[in-house]
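Worksheet: one structure, shown below.
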Amino acid sequence: MKKIIKYVLISIGAIIILIASQFFIIRKLDRNFEESQEIGLKTTNQKPFKLPSTFLDGARFMVKLPLPSQDTLLAYCDTGGGISMLMPSVKDHPEIAPMVKKGLVKGLMPIDYVLLPNLLGNKEFPQPTTTPNFILRKPFSMVKEPYLVIPSLNEALQQKIDKMPRLDAFLGQGFFMGNAWTFDYPKQEVWVNTPIKSADSIKPNVLPLGFKKNSHGVAVYGHPSMSIEIDGAKIDVLFDTGASFVLSDKGKEYFNTEKNTLAGSFIAASIFDQWRTDHPDWKYYPESDGNQGIIEVPSVKVAGYEVGPVQFSRRPDRVWSEMMAQSMDKVVKGAIGGSLLKHFKIKIDYNSELVQFQKHNDSTLVEKL
């Protein structure tokens, strides 16, 4: 019996050593990738391509992923989001099921995924870039082709799915990296391959973007920082097309809607609370975004324009100083989403690191794609 116990303990120890060794090897490989010069690089001379899309409340958008059969999947677009994924509900789709593969994250966690070139019926459709916080391997070699992971369905994910009218896929930061985009909110159009010339950086409606970079000066994450002005103060923010309020019953009543979500923007609690103190006349909707309040800012200045009102929801300061700081070039104090972006036709170029805001009724600034 003692010998059996001894062999069992030795076997367990060997397994632990193997797992630990694999973990540290993978961690080193992932760190090497983060310091590479190839992350997010996509050089293209392709013509502008209009993505089939649908807009929610005129201020958020979903693109339609074309399958080979001409069927489509609705994918929510979130420049401030994380990994790009397919929802578990479409895993058994007749066209998708045969494409599902197994991979490993961090060398330990198994996850299903689909190679995007196999999934898409249109080869012009843009494809996501891998970011260092989520590298897929088999088991040591990195999956280099663009892919969408398929996470396990848990309660938190199910709650998010339930809040959307339809959600087949989610496209986060990696989908947008390395490309130049146009989000035309008034016309409800989404385009890719629409670059901003470096010479245009001097225009008053063009702003610089910031990205977290490695030692080679290569952007390793796709969360863009930029600045706006409110109440005379410059505020650094995340450019976040997916920012949404998840409305409580009070929120639905305040905004006179039956919708579960609305396009929004976010601001750090310290600034939110200061606004409440300095401007008691600004409209305030307590416990309307879940248990968080929403404040309506009468006027926001961005890229030479002044628009409003714009609704912001309160978020703890640590969201920006601890969580988002890991994937951004600086500590921002909020995020601008559809509650502000809906006023504009916006070009955002991840290569020239510029963003251009345009209003269709301003003939001096509006340009063709």
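Using the working numbering, the first residue of the sequence shown is number 11, and each one after it goes up by one.
Glycine is no exception: its CB is placed at the ideal position from the N, C-alpha and C atoms.
Report the residue from the options whose alpha carbon sits nearest the alpha carbon of residue i.
i: glutamate 306; options: Val312, Val317 and Thr267; result: Val317
i: leucine 351; options: Gln321, Pro58 and Ser79; result: Gln321
i: valine 73; options: Val200, Val341, Val329 and Asn361; result: Val200
i: histidine 353; options: Lys60, Gln56 and Ala69; result: Ala69
i: leucine 158; options: Val365, Val124 and Gly303; result: Val124
i: serine 362; options: Leu146, Asn203 and Lys101; result: Asn203
i: serine 337; options: Pro156, Phe221 and Arg325; result: Phe221
i: asparagine 270; options: Lys111, Arg176 and Ile121; result: Arg176
i: lysine 213; options: Lys57, Asn371, Phe367 and Pro58; result: Phe367
i: leucine 61; options: Tyr294, Arg147 and Phe193; result: Phe193
i: lysine 369; options: Val216, Tyr360 and Ser151; result: Val216
i: aspartate 210; options: Asp359, Lys57 and Asn371; result: Asp359
i: lysine 115; options: Ile160, Trp285, Asn224 and Leu66; result: Checking the sequence, you will find valine at residue 115 rather than lysine. Closest option to valine 115, Cα to Cα, is Ile160.
i: glutamate 268; options: Ala253, Phe282, Gly182 and Met174; result: Met174
i: alanine 179; options: Lys170, Leu96, Asp299 and Leu126; result: Leu96
i: glycine 188; options: Tyr195, Pro205, Lys197 and Glu332; result: Pro205
i: lysine 223; options: Pro104, Asp339 and Leu364; result: Asp339
i: isoleucine 145; options: Lys57, Arg286, Ser94 and Lys197; result: Ser94
i: histidine 103; options: Ser349, Pro218, Ala253 and Pro78; result: Pro78
i: tryptophan 191; options: Pro120, Ser151, Thr89 and His226; result: Thr89
Kindly give me the distance between the Cβ atoms of residue i and residue j, rounded to whole angstroms, as I take these residues to be in contact under 8 Å.
i: glycine 113; j: valine 153; result: 6 Å
i: leucine 248; j: alanine 345; result: 4 Å
i: glycine 232; j: phenylalanine 255; result: Actually they do not touch by this definition, with Cβ atoms about 23 Å apart.
i: isoleucine 304; j: serine 280; result: No, isoleucine 304 and serine 280 are not in contact; Cβ-Cβ is about 17 Å, not under 8 Å.
i: lysine 357; j: isoleucine 245; result: Rounded, the Cβ-Cβ distance is 22 Å, inconsistent with contact.
i: threonine 141; j: valine 228; result: The Cβ separation is near 12 Å, so there is no contact.
i: leucine 163; j: tyrosine 86; result: Contact doesn't hold; Cβ gap of about 17 Å is too wide.
Can you tell me where the alpha helix (DSSP H) holding residue i begins and where it ends?
i: leucine 350; result: 348 to 351
i: phenylalanine 9; result: The structure shown does not extend to residue 9, since the chain spans only 11 to 379, so no value can be given for it.
i: glutamate 263; result: 259 to 264
Could you pull the start and end residues of the beta strand (DSSP E) that residue i belongs to?
i: glutamate 165; result: Counting along the chain, glutamate 165 falls outside any beta strand (DSSP E), though it belongs to the alpha helix (DSSP H) covering 165 to 173.
i: leucine 66; result: 63 to 66
i: aspartate 250; result: From DSSP, aspartate 250 is part of no beta strand (DSSP E); its letter is neither H nor E.
i: asparagine 292; result: What sits at residue 292 in the sequence shown is tryptophan, not asparagine. That residue, tryptophan 292, is in no beta strand (DSSP E); it is neither H nor E in DSSP.
i: lysine 74; result: 70 to 76
i: proline 120; result: 119 to 125
i: leucine 146; result: 146 to 148
i: valine 230; result: Taken as a continuous stretch (DSSP letters only), valine 230 belongs to no beta strand (DSSP E), as it is neither H nor E.
i: phenylalanine 193; result: 190 to 194
i: valine 153; result: Careful: valine 153 lies outside any beta strand (DSSP E) and carries neither H nor E.
i: isoleucine 277; result: 276 to 278
i: glutamine 56; result: No beta strand (DSSP E) holds glutamine 56; DSSP gives it neither H nor E.
i: glutamate 316; result: 315 to 317
i: threonine 271; result: 271 to 273
i: leucine 84; result: 82 to 87
Is residue i close to chain D, meaning its C-beta is less than 9 Å from at least one C-beta of that chain?
i: valine 365; result: Protein chain content of the structure displayed is limited to a single chain, and chain D is not contained in it.
Can residue i be considered in contact with the ligand MG, in the sense that its beta carbon sits closer than 8 Å to one or more heavy atoms?
i: histidine 370; result: Ligands displayed in this structure: none; no statement on the ligand MG is therefore possible.
| Counting pairs of beta carbons, one from the stretch 132 to 150 and one from the stretch 82 to 91, are three or more of them closer than 8 Å? | no
| Segments assigned alpha helix (DSSP H), at least 4 residues, entirely inside the stretch 320 to 369 | 348 to 351
| Within the chosen definition, does the stretch 235 to 242 reach the stretch 261 to 273 through at least 3 CB pairs nearer than 8 Å? | no
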